[in-house]
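Residue numbers (this note's numbering): 82 to 182.
Where is the CB? At the ideal position from N, CA and C, for every residue including glycine.
The structure presented is a predicted model; accordingly, all values stated were derived computationally and were not measured.
Dropping the structure here:
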């Protein structure tokens, strides 16, 4: 079983969580000034890296709060989780390599 650490509740089973997509996406300040192409870029285009990605997650069957997580897409390992509104943590090379195993 995959355990995910909710920063509010602690370690819980994966089935309690829902993925909310890529984290740290800035909404345009004035959406009405966006062209159709710019708006489509904001809505639909996301990174899909092989390696670490910052994602939003929701503890759907727990506290129901959103939080951010750094997850390695190659191994599905969570490197760290952190509360919404916090900046993306800097991860050293050793932690990134461990997540890739």
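Quick one: what's got a C-beta closer than 6 Å to residue i's C-beta in the same chain, skipping five residues either side?
i: residue 150; result: 136, 138, 159, 162
Alpha carbon to alpha carbon, how far is residue i from residue j?
i: residue 140; j: residue 153; result: 19 Å
i: residue 91; j: residue 144; result: 11 Å
i: residue 122; j: residue 94; result: 34 Å
i: residue 114; j: residue 120; result: 9 Å
From the DSSP output, in three-state form, read off residue i for me.
i: residue 171; result: coil
i: residue 114; result: helix
i: residue 124; result: helix
i: residue 85; result: strand
i: residue 106; result: coil
Give the single residue among the options whose Cα lies nearest to the Cα of residue i.
i: residue 156; options: 112, 178, 113; result: 178
i: residue 96; options: 164, 115, 83, 119; result: 83
Between residue i and the rest of its own chain, which residues show a CB-CB distance below 8 Å, the 5 nearest in sequence each way excluded?
i: residue 170; result: 151, 161, 163
i: residue 108; result: 123
Can you check whether the CB of residue j is closer than 8 Å to the CB of residue i?
i: residue 133; j: residue 172; result: yes
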